[in-house]
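Each residue of the sequence shown is one higher than the one before, starting from 453 at the first, in our numbering.
Below is one structure, written out as structure tokens, with a few remarks after it.
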Amino acid sequence: MLEIKGLTKLFPLNRKQRETQGKDAVTAVDALTLSVTGGEVFGLLGANGAGKTTTLRMIATMLTPSGGSASVGGHDILREPDEVRRLTGLLFGGDTGLYDRLTARENIRYFARLNDIGDAESNRRIQTLAEAFRFTEYLDRAAGKLSKGNRQKISFARAIIHDPALMLFDEPVLGLDVTARKEAEDFILRCRDEGKTIVLSDHNLPVVERLCTRIGILSAGKLMAAGTKEELCASHGCETLEGVFFKLAGEEGAQ
């Protein structure tokens with residue numbers, strides 16, 4: 453479903469930075485290659501600044517790669533960005549981006565219309581998602597009046613209202629309380645069981661361990677290793693995923 457080959461992103465430096473650092477650009481993602489299939493939750497595990505969010509933004513066609521390629525369902529992110537967006541749902545944790553004056557229902561319906569979903573079908577999907585995330589009673593309240601946890605639930609619903617085949621979740625349970633986090637994680641696992649392809653980026657080890665079928669460890673934009681938790685531990689002589697992470701990526705940013 454998702455194929456990435458040599459994906460690279462460089463961010464140019466300004467003149468002062470070039471003089472100080474002695475280079476023209478910083479490499480955020482460095483020749484990343486991996487594939488993710490349906491029914492998989494692939495975890496990108498890395499410290500802050502490892503390149504996780506930049507990778508997701510390139511896949512979602514929000515950033516143009518400096519090199520390499522990626523495709524979603526056979527559609528190239530550069531040649532067929534509209535098809536890629538149609539197949540992809542994107543959620544950034546901690547930044548809901550909701551329109552505060554609109555109700556929860558109106559926020560979700562707006563994104564349904566952007567994806568050419570008629571009102572009757574969007575109402576059905578909204579009701580299904582509201583029941584799954586248990587926010588039915590908040591549907592007609594202004595988003596600006598909702599708690600952080602409920603705003604995140606609305607963001608989840610908005611990101612997947614078009615039933616995307618690929619879901620990109622960047623720290624999806626950030627800031628949620630225990631109950632809201634459990635509901636969000638259960639939903640992600642339910643999507644996995646339905647055959648969705650999911651890429652989840654986080655620096656929180658317990659979240660990655662609970663949700664991901666395979667894990668890729670990123671450090672300074674490079675993919676250091678990828679595999680199941682058991683494969684990673686065995687190949688690097690560690691008893692825990694934490695041990696593998698420290699061995700490959702150092703201690704910076706681990707939680």
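Glycine included, each C-beta is placed from N, C-alpha and C at the ideal position.
Here the structure is a predicted model, which means the values were calculated and not measured.
Under the three-state reduction of DSSP, Ile613 is assigned to coil, being neither helix nor strand. According to DSSP, residue pairing for Leu566 in a beta bridge does not occur.
Secondary structure of Ala594 (DSSP, three-state): strand. Taking a C-beta distance under 7 Å as the contact criterion, Leu539 and Val524 qualify as a contact pair. Note that the C-beta distance between Lys461 and Ser521 is not below 7 Å.
For Phe587, the three-state secondary structure derived from DSSP is coil. For Leu508, the enclosing alpha helix (DSSP H) begins and ends at 504-511. Nearest C-alpha to Pro533 among Glu637, Ala632, Met514, Asn602: Met514. Looking at the DSSP output, Arg666 bridges to Phe494.
Relative to the Cα of Arg537, the nearest Cα in the group Gln473, Pro464, Leu620, Val660 belongs to Leu620. DSSP, reduced to helix, strand and coil, places Ile640 within a helical segment of the structure shown.
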